[in-house]
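Beneath this line is the structure, given in structure tokens, with notes to follow.
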Amino acid sequence: MRPPPIGNSSNFNQGTNELIGCYHYRYIEFNLGNISPGLYIFDLVVNTVSALATVIFNLLILLTIRRTVSLHSPSNALLFGLALSDLGVGVIVQPLYFAHMLGKLIRDKESFCHAGIAIEVCANALCIISLLTVTAVSVDRYLALKLHLRYNELITIRRVTFVNGIIWIVGAAIGSMWLYGPDLVKFSVSATITICLLAAAYCYARIYRVVSRHYRNDMALRSAVNEADRVEHSINMLKFKSHAISTFWVYCLFIVCYFPYFCVVIVISFSGLSVTKRFFYEITALIVFINSFLNPVVYCWRLQDIRHGVLNTAKLFLRPFLPTNESTAEQS
1 MRPPPIGNSS NFNQGTNELI GCYHYRYIEF NLGNISPGLY IFDLVVNTVS ALATVIFNLL
61 ILLTIRRTVS LHSPSNALLF GLALSDLGVG VIVQPLYFAH MLGKLIRDKE SFCHAGIAIE
121 VCANALCIIS LLTVTAVSVD RYLALKLHLR YNELITIRRV TFVNGIIWIV GAAIGSMWLY
181 GPDLVKFSVS ATITICLLAA AYCYARIYRV VSRHYRNDMA LRSAVNEADR VEHSINMLKF
241 KSHAISTFWV YCLFIVCYFP YFCVVIVISF SGLSVTKRFF YEITALIVFI NSFLNPVVYC
301 WRLQDIRHGV LNTAKLFLRP FLPTNESTAE QS
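Per full-length UniProt numbering, the very first residue in the sequence shown carries number 1; after that it's consecutive.
Written out as structure tokens, the structure reads:
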């Protein structure tokens, strides 16, 4: 999403609200105003560092899930789709953001405009894909609890892959709407965000209730079943709880990173655009992009199997650069 086009207003100096000659961009969006160029340079540095980290971490997640057979599960197939969209942010959106902001800093209208419209299409598509995938992950965890023994029968990797494909098609369609219907995009994105966040919140609320009930009934279970069955049940519940908490962290990070951006968009929608508000819009957009770096960090922090797989994958790529045992022995 981007700030809505601003109509004629006496609050702006003459010329600042005029189109600069490409797409829908206006001088008020292109001007630096009283914002220090040093802040834009800092913004570019943070964007570059986070983009590199986003690409590296998400590539490791993708390669780890792809090459580790034990990680081939419906839940991890959804995480694979999320990591793929996050990789797209680091590979496509953040370089475009760099060109967009650099064009503004060095007063290059062509770079500012072309990179800007590309960001609007790609960022909206990938962010919608991420949101839909985060919602699908929450639904998957709820179904794992609701279906129980039937989960493995009904929720398969093939079906989850199909869902990932539908999510990408929907995201691409919404992103491409910017080229011919910005107002339609605003409505579609707002409706999608509202539905997804409410659906995910409902799923996690239900999961919390079931897990809480599990702990209340744990003592009764101990006396009702034998030791082996009790231990197996406890292990399964701990694995489920760990995965559910990890995906809930991803959901919370999504809200935290997107909330400042939506606040700025709402302020601009009701009070109009200014150079300062445009600057905060650009800064909060960067925070949204940084969310794509934080997601794989959560996977590695919370999911032990993902963490071990990532470490093994990283060692595999670093092996050519590490001293071998033979060379170490010769040196000694």
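Even for Gly, the Cβ is constructed at its ideal location relative to N, Cα and C. Please read all numbers here as calculations on a predicted model, not as lab measurements.
- Name the two residues that bound the continuous alpha helix (DSSP H) containing F289. Here residue 289 refers to the residue found at position 289 when the sequence shown is read from its first residue. Looking at the DSSP string, the run of the alpha helix (DSSP H) that includes F289 is V275 to R302.
- Task: Would you mind stating whether N291 and C257 have Cβ atoms separated by less than 7 Å?
- Result: Start at 1 with the first residue of the sequence shown, and residue 291 comes out as number 291. Start at 1 with the first residue of the sequence shown, and residue 257 comes out as number 257. In this structure, N291 sits near C257, with a CB-CB distance shorter than 7 Å.
- Across which residues does DSSP place L19 in a beta bridge pair? Here the question's residue 19 lines up with position 19 in the sequence shown. R26, per the DSSP bridge assignment.
- Own chain, CB closer than 7 Å to P260, minus 5 neighbours either side, in chain order: Along the sequence shown, read from residue 1 onward, the residue named residue 260 stands at position 260. Around P260: T284 and I287.
- residue 337 vs F289 beta-carbon contact at 7 Å: Outside the displayed range of the chain (1 to 332) lies residue 337, so it cannot be described from this structure.
- With DSSP as the reference, label Y180 as helix, strand or coil. Locating residue 180 in the sequence shown gives position 180, where the first residue counts as 1. DSSP places Y180 in coil when its eight states are reduced to three.
- Task: Determine the DSSP secondary structure at P320, reduced to helix, strand or coil.
- Result: Sequence index remark: in the sequence shown, residue 320 carries index 320 (1-based). In this structure, P320 counts as helix in the three-state DSSP scheme.
- Can you give me the Cβ contacts of L96 inside the same chain, cut-off strictly under 7 Å, excluding the 5 residues immediately before and after it? Walking along the sequence shown from the start, residue 96 turns up at place 96. The answer, listed in chain order, is A115, A118, I119 and C122.
- Which residue from V211, V275 and L322 puts its Cα closest to that of S36? Here residue 36 refers to the residue found at position 36 of the sequence shown. For S36, the nearest C-alpha among the options comes from V275.
- Task: Tell whether a beta-carbon distance below 7 Å holds between T129 and I174.
- Result: Position 129 of the sequence shown holds residue 129. Position 174 of the sequence shown holds residue 174. It should be pointed out that residue 129 corresponds to Ile in this sequence rather than to Thr. Going by C-beta atoms, I129 is not nearer than 7 Å to I174.
- Same chain only: Cβ atoms within 6 Å of G203, ignoring 5 sequence neighbours per side: For the purposes of this step, residue 203 is taken as the residue at position 203 of the sequence shown. Note that residue 203 is Cys in the sequence shown, not Gly. Residues of the same chain with a CB within less than 6 Å of the CB of C203, apart from the 5 flanking positions on each side, are S138, V139 and Y142 in chain order.
- Item | Proximity below 7 Å, CB of I65 to CB of L59 | Along the sequence shown, read from residue 1 onward, the residue named residue 65 stands at position 65. Along the sequence shown, read from residue 1 onward, the residue named residue 59 stands at position 59. No, these two residues do not count as a Cβ contact at 7 Å.
- Message: Here's a check: name, in chain order, each residue in its chain whose Cβ is nearer than 7 Å to the Cβ of I207, leaving out the five neighbours to either side.
- Response: For the purposes of this step, residue 207 is identified with residue 207 of the sequence shown, where counting begins at 1. Cβ neighbours of I207 beyond the five flanking positions: R141, Y142, L145 and A244.
- Query: Among residues of its own chain, excluding the 5 on either side of V210, which ones have a beta-carbon nearer than 7 Å to its beta-carbon?
  - Reply: One-based indexing of the sequence shown puts residue 210 at position 210. Answer for V210: L145, listed in chain order.
- Indicate the three-state DSSP secondary structure (helix, strand or coil) for H114 in the structure shown. Taking the sequence shown and counting its residues from 1, one reaches residue 114 at position 114. Three-state result, H114: helix.
- Inter-residue Cα distance where the pair is T247 and N17: Within the sequence shown, residue 247 is the residue found at index 247, counting from 1. Within the sequence shown, residue 17 is the residue found at index 17, counting from 1. Each residue's Cα considered, the two are about 43 Å apart.
- Would you mind giving the Cβ-Cβ distance between V91 and V55, rounded to the nearest angstrom? I have them listed as a contact below 8 Å. Along the sequence shown, one-based indexing puts residue 91 at 91. Along the sequence shown, one-based indexing puts residue 55 at 55. The pair is a contact, with the Cβ atoms about 6 Å apart (cut-off 8 Å).
- What are the uninterrupted segments assigned as alpha helix (DSSP H) that are 4 or more residues long and contained completely in the stretch 93-154, given in chain order? Listed in chain order, the complete alpha helix (DSSP H) runs (minimum 4 residues) inside the stretch 93-154 are 94-105, 109-147 and 151-154.
- Do I20 and K104 have their CB atoms nearer than 7 Å? For this step, residue 20 is matched to residue 20 along the sequence shown. For this step, residue 104 is matched to residue 104 along the sequence shown. No, the pair does not count as a contact, with Cβ atoms beyond the cut-off.
- Item | Proximity to S85 [Cα-Cα], best of L154, Q304 and I61 | Numbered from its first residue, the sequence shown carries residue 85 at position 85. Closest by alpha carbon: I61.
- Task: State the DSSP-derived secondary structure class of N34, mapped to helix, strand or coil.
- Result: Residue mapping note: residue 34 aligns to position 34 of the sequence shown, counting from 1. In the structure shown, N34 sits in coil (DSSP, three-state: anything other than H, G, I, E or B).
- Figure out for me which residue from L87, G38 and Y251 has the closest Cα to the Cα of A205. Taking the sequence shown and counting its residues from 1, the one referred to as residue 205 is at position 205. Selected option, being the one with the closest Cα: Y251.
- Where does N11 land, buried or exposed, given buried means 16+ other C-beta within 10 angstroms? As a working note, residue 11 is residue 11 in the sequence shown. With a pLDDT of only 39 at N11, under 50, the local geometry of the prediction cannot be trusted, and no value is derived from it.
- Nearest-angstrom Cβ-Cβ length linking L253 and V310, presumed shorter than 8 Å: For this step, residue 253 is matched to residue 253 along the sequence shown. For this step, residue 310 is matched to residue 310 along the sequence shown. The Cβ separation is near 18 Å, so there is no contact.
- Out of V265, P74 and V89, point me to the one whose CA is closest to F162's CA. On the sequence shown, residue 162 is found 162 positions in, with the first residue counted as 1. It is P74.
- Message: Once DSSP output is grouped into helix, strand and coil, what is the label at S50?
- Response: What you label residue 50 is simply residue 50 of the sequence shown in a count that begins at 1. It is helical.
- Item | Buried/exposed call for A329, threshold 16 Cβ in 10 Å | What you label residue 329 is simply residue 329 of the sequence shown in a count that begins at 1. Only weak support is given to the placement of A329: the predicted model assigns it a pLDDT of 47, under 50, and the value that follows is read from those uncertain coordinates. Per the 10 Å Cβ criterion, exposed.
- Assign G272 to one of three DSSP states: helix, strand, or coil. Along the sequence shown, read from residue 1 onward, the residue named residue 272 stands at position 272. Reduced to three states, the DSSP call for G272 is coil.
- Task: Kindly give me the distance between the Cβ atoms of T135 and A200, rounded to whole angstroms, as I take these residues to be in contact under 8 Å.
- Result: By 1-based counting over the sequence shown, the position of residue 135 is 135. By 1-based counting over the sequence shown, the position of residue 200 is 200. Between A200 and T135 the Cβ distance is about 5 Å, and since that is below 8 Å, they are a contact.
- With R307 and S242 assumed to form a contact (beta carbons below 8 Å), what rounded beta-carbon distance in angstroms separates them? Taking the first residue of the sequence shown as position 1, residue 307 is located at position 307. Taking the first residue of the sequence shown as position 1, residue 242 is located at position 242. The Cβ separation is near 11 Å, so there is no contact.
- Query: Which residue from F317, R107 and D305 puts its Cα closest to that of V69?
  - Reply: Numbered from its first residue, the sequence shown carries residue 69 at position 69. Measuring from the Cα of V69, the nearest candidate turns out to be D305.
- So is L82 buried or exposed if we call it buried at 16+ other beta carbons inside 10 Å? Walking along the sequence shown from the start, residue 82 turns up at place 82. Classification of L82: buried, given that the 10 Å Cβ count is 16 or more.
- Alpha carbon to alpha carbon, what distance is there between L318 and A172? Numbered from its first residue, the sequence shown carries residue 172 at position 172. Numbered from its first residue, the sequence shown carries residue 318 at position 318. So the two alpha carbons sit approximately 35 Å from each other.
- Would you tell me roughly how many angstroms separate the C-alpha atoms of N13 and T194, rounded to the nearest one? Within the sequence shown, numbered from 1, the residue matching residue 13 stands at position 13. Within the sequence shown, numbered from 1, the residue matching residue 194 stands at position 194. Summary for N13: the model assigns pLDDT 43, below 50, so the residue's position carries little reliability; its value from the coordinates is reported in the next sentence. So the two alpha carbons sit approximately 36 Å from each other.
- Message: Output needed for K277: all residues of its chain with C-beta closer than 6 Å, excluding positions within five of it in sequence on either side, in chain order.
- Response: For the purposes of this step, residue 277 is taken as the residue at position 277 of the sequence shown. I268.
- Message: To the nearest angstrom, how far is the alpha carbon of N152 from that of R159?
- Response: Taking the first residue of the sequence shown as 1, we reach residue 152 at position 152. Taking the first residue of the sequence shown as 1, we reach residue 159 at position 159. Approximately 11 Å between the Cα atoms of the pair.
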